[in-house]
Amino acid sequence: MIPAGYFLVHLWLIPLFPLATAALMLIIGKRLPKAGVSLLCVGSVGLSFIYAAGAVLQLLAAEPEHRVAQQILFEWLTPGPMQMTGGRAIQFVADWGFLLDPLSCVMVLVVTGVGFLIHVYSVGYMGHEGGYYRFFGYMNLFMFAMLTLVLANNMLLMFVGWEGVGLCSYLLIGFYFLKKSASDAGKKAFIVNRIGDAGFILGILLTAVTLGAIRFTSQGLPDAEGASGILQALKAAVDTHALANGAPVLTGIALLLFVGAMGKSAQIPLYVWLPDAMEGPTPVSALIHAATMVTAGVYMVARMNAVYQLAPFAMDVVAVVGATTAIFAASMALVQNDIKKVLAYSTISQLGYMFLALGVGAFAAGIFHLMTHAFFKALLFLGAGSVIHAMSGEQDIRKMGGLWEKIPITAKTFAVATLAIAGIFPFAGFFSKDEILGQAFDRFFFLWIVGFITAGMTAFYMFRLLFLTFFGYSRADEHVEKHIHESPPAMTVPLMILAALSIIGGWIGWPGSLGGENRFERFLEPVLAGVLTETGAVKIAHHALAKEIFLMVASLAIAGGGIWLAYQFYRTKRFAPELVAAKWPKVYQLLLHKYFVDEIYDAAVVDRTKDLGTLLGRFDANVIDGVGVNGAGWLARFGSTLSMWWDKWIIDGLLNFSAKMMQLFSYPVRLLQTGLFSSYAMLILAGLVVLLVYYGHHVQVLLRSVR
Amino acid sequence: MLPIGHYLFLSLALFIIGVIGVVTRRNVIVVLMSIELILNAVNINLVAFSRLYGDVAGQVFALFIIADAAAEAAVGLGIIIAFFRNRETVLADEMDLLKW
């Protein structure tokens, strides 16, 4: 049989399976048959799920406080000296290592489990699409990056996964890259995420210089004492009073990391990319933009909970941003007409809930909602995909209706997910949402009201979607009507499994007030304890039983109210939505145009950036090219002109001058040199005569002596 | 025997004729011939003094000069012919290649 601890020492295989098939797909995928692509890609994710499940089971065998498996594959960045703030020099090290503790257990099971189901679904959904191998290659690459993110044992490796999922998100949003809106949406997602990522990397750097470690914990390592971990460093700093509760630097780290989470998890003000991301294929929306990637921010904040618990101000910021996002996105979901857009805003809203939970210190509740949300939101998206599949690509819910009988499996599973997200007992969403609202009630009453109202809005817009899509008369075009058909088993089986999970998935966190023991929270407790030994400022509150029951009844009541309102609007037609829209046209327009946030961003940021680009272009053309390049050219020409002038007039001039002078002074001499030998002879003769005359006396004497 | 003065006068006359020829004539051949006259004027001097003093060395010297004049004529005429082939002239005032 499988030896004890086998899966725990083979953690590294979990992300490796999808990476291997992703590489295979992107290199030779084009030449593989479709069946081969499906088998390899779905199979590798299935294998990852098996290994993940095995590892979790083996981890569960240990005592709760020893449920940490950490494994360092190799030293990634070799140790180098680094100076911390305060001047202490340490060895900075980043390793390529994996960490499995209760928190990453939840994540790895959600990612591989839901991921596997979505992969199976994709086989059916993407069967008729071009670029089949490319789709699965990117999907598997995404699985690799996401698993690296959740299994990383240090912040830097987590950042690798973080960027990897961002890249795959970009590639998959722009999967239909010939469509301009799709490629634009991909770019938008990438660029908006960059802003968040800048915060994340700054947070990592600040952590490194403050705590001297980026490894989350040294637990589970062979030399746990010698190895440095954030948790241990934080504990030491608090024990020695080097860092107090609420120290500015910890607040700084927490806020910077939260900026990263805002980008990835689509929180105000960086949520704008998520609705546009619906341009990608529907399984992508389910996997990346609902179940896994967008929850990475929630996971990261929960992972760094020790820091957050020491930064109450940052916690408040997280809670306020989360609650604001929840109600803001829910209000936009009320009026959207695109089935996927409703779900996108719903996702943003639910992510807001998770951050609300994190912000009020209910980390376990946030992760709990993350898990249940992964189930029902993946189901909603896959169901929407199945509807779109049946409707020959139609996404507008105004052109649907009456689908309940025609696509029964999709409709029933969709209804289950809708009940789950609305928070109806005993579906999964009830437990997680109630947990969050219960925690918020004590800690931040105003935010509880916000979350409470959002719960009602959620129920309303989800049932609006359900009623418009599946009930009433069909408003589809005739030729679409004829082709409506239930999806193949590859699509419906994952829907049914997810529906089952959406019902029972919440029971794991059955609260104490209803006779359960909230095993989920108990399971996560060792990871989320923080470093404060005494009951700190942020601690999970325990209510009186009556109050808890009251809160549950209240949230059920408001969910029921939302459903009732939706029923009146869209089934009995007691109220007409058109009349309401006409009565408050400004509010309706504001919601329909999503508060004009895209327009405001365009005007405030995008256009200003373009202006800056134009300005810089002009600066380049005029100043750099004009003054700089052309100026340098002019200067060189001017210099060479000067140099030429010097050469011509001074250097050559001196030479010519000496030659001219030579010419001038040689003039009389030249006159003598006629070139005619007769004149030379004449001169010789003249010379002779002069000599004779001059020495005539001597000649006379000579002649006389001769005689 | 005629007094030496006559020989000297003849020699002087010949020399002056030669010099005038060299200086004034344009034709190089005539100039060459005039040079012969000058040489012969010298020869007459040499022979005359040889006779006067009874010393034969003067006559020997004159013989050398005749031989030299023959060689000179040969070389000179050769140069003139070569020059004529190049420039088609034998006029001295057209031979000014050495002029600056």
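Each protein sequence line maps, in turn, to chains A and B. Here this note's numbering is used: the first residue of the first sequence is 30, the next is one more, and so on. Here this note's numbering is used: the first residue of the second sequence is -4, the next is one more, and so on. Don't be surprised by glycine CBs; every beta carbon is placed ideally from N, CA and C. From a predicted model like this one, the values you see are computed outputs, not experimental measurements.
Please state whether DSSP places residue i in a helix, a strand or coil.
i, result
"Met(-4) (chain B)", "coil"
"Val350 (chain A)", "helix"
"Phe46 (chain A)", "helix"
"Leu86 (chain B)", "strand"
"Phe4 (chain A)", "Given a span of 30 to 736 for chain A in the structure shown, any question on residue 4 (chain A) remains unanswerable."
"Val567 (chain A)", "With a pLDDT of 43 at Val567 (chain A), under the threshold of 50, the modelled position of that residue is not reliable, and the figure given next carries that caveat. In this structure, Val567 (chain A) counts as coil in the three-state DSSP scheme."
"Gly126 (chain A)", "strand"
"Ala8 (chain B)", "helix"
"Asn366 (chain A)", "coil"
"Ala181 (chain A)", "strand"
"Asn22 (chain B)", "strand"
"Asp681 (chain A)", "helix"
"Asp649 (chain A)", "helix"
"Asp425 (chain A)", "strand"
"Arg637 (chain A)", "helix"
"Arg244 (chain A)", "strand"
"Ala340 (chain A)", "coil"
"Trp477 (chain A)", "helix"
"Val152 (chain A)", "helix"
"Phe704 (chain A)", "The amino acid occupying residue 704 (chain A) in the given sequence is Gly; Phe does not appear at that position. Residue state, collapsed to three classes: coil."
With a 10 Å radius around its C-beta and 16 neighbouring C-beta atoms as the bar for buried, classify residue i as buried or exposed.
i, result
"Arg647 (chain A)", "exposed"
"Val406 (chain A)", "Reading off the sequence, residue 406 (chain A) comes out as Lys, not Val. It is buried - the Cβ of Lys406 (chain A) has at least 16 other Cβ atoms within 10 Å."
"Thr447 (chain A)", "buried"
"Asn334 (chain A)", "buried"
"Phe491 (chain A)", "Per the sequence shown, residue 491 (chain A) should be read as Met rather than Phe. Buried: at least 16 other Cβ atoms inside 10 Å."
"Leu731 (chain A)", "exposed"
"Phe760 (chain A)", "Since the displayed chain A opens at 30 and closes at 736, residue 760 (chain A) lies outside it and no answer follows."
"Arg493 (chain A)", "buried"
"Asp252 (chain A)", "exposed"
"Lys568 (chain A)", "Low local confidence applies: a pLDDT of 46 at Lys568 (chain A) is under 50, so the model's placement there is unreliable, and no value is given."
"Ala575 (chain A)", "exposed"
"Leu89 (chain A)", "exposed"
How about residue i and residue j: are their beta carbons less than 8 angstroms apart?
i, j, result
"Asp88 (chain B)", "Arg21 (chain B)", "yes"
"Asn12 (chain A)", "Gly126 (chain A)", "Residue 12 (chain A) lies beyond the stretch modelled for chain A, which goes from 30 to 736, so this question has no answer here."
"Pro555 (chain A)", "Pro131 (chain A)", "yes"
"Phe443 (chain A)", "Thr311 (chain A)", "no"
"Ser314 (chain A)", "Phe397 (chain A)", "no"
"Ser516 (chain A)", "Gly156 (chain A)", "no"
"Lys293 (chain A)", "Ala331 (chain A)", "no"
"Gly203 (chain A)", "Gly215 (chain A)", "yes"
"Phe121 (chain A)", "Met136 (chain A)", "no"
"Ser257 (chain A)", "Ala242 (chain A)", "yes"
"Ala123 (chain A)", "Leu180 (chain A)", "no"
"Ile297 (chain A)", "Gly232 (chain A)", "no"
"Met172 (chain A)", "Gly144 (chain A)", "yes"
"Phe5 (chain A)", "Gly591 (chain A)", "An answer regarding residue 5 (chain A) cannot be provided, because it is not within the stretch 30 to 736 covered by chain A."
"Val71 (chain A)", "Val149 (chain A)", "yes"
"Val14 (chain B)", "Leu684 (chain A)", "no"
"Ala320 (chain A)", "Ala403 (chain A)", "yes"
"Phe245 (chain A)", "Leu339 (chain A)", "no"
"Leu380 (chain A)", "Asp463 (chain A)", "no"
"Gly58 (chain A)", "Gly166 (chain A)", "yes"
"Ala440 (chain A)", "Phe496 (chain A)", "no"
Report, in whole angstroms, the separation of the C-beta atoms of residue i and residue j, which I expect to be a contact under 8 angstroms.
i, j, result
"Ile465 (chain A)", "Ala391 (chain A)", "6 angstroms"
"Leu146 (chain A)", "Ile526 (chain A)", "6 angstroms"
"Gly534 (chain A)", "Ala457 (chain A)", "4 angstroms"
"Lys428 (chain A)", "Ala505 (chain A)", "6 angstroms"
"Met486 (chain A)", "Leu363 (chain A)", "6 angstroms"
"Leu106 (chain A)", "Trp41 (chain A)", "Wrong, their Cβ atoms sit about 18 angstroms apart, outside the cutoff."
"Gln99 (chain A)", "Gly249 (chain A)", "3 angstroms"
Under DSSP, the beta strand (DSSP E) around residue i begins and ends at which residues?
i, result
"Thr107 (chain A)", "Ala98 to Gln112"
Between which two residues does the alpha helix (DSSP H) harbouring residue i extend?
i, result
"Gly395 (chain A)", "Phe392 to Ala419"
"Gln296 (chain A)", "Per DSSP, Gln296 (chain A) belongs to no alpha helix (DSSP H) and is neither H nor E."
"Leu272 (chain A)", "Element bounds for Leu272 (chain A): n/a, residue is neither H nor E."
"Arg332 (chain A)", "Ala325 to Arg332"
"Pro304 (chain A)", "Trp302 to Asp305"
"Met673 (chain A)", "Gly660 to Trp674"
"Arg60 (chain A)", "Arg60 (chain A) -> no alpha helix (DSSP H), and no H or E assigned at all."
"Ala583 (chain A)", "Leu574 to Tyr599"
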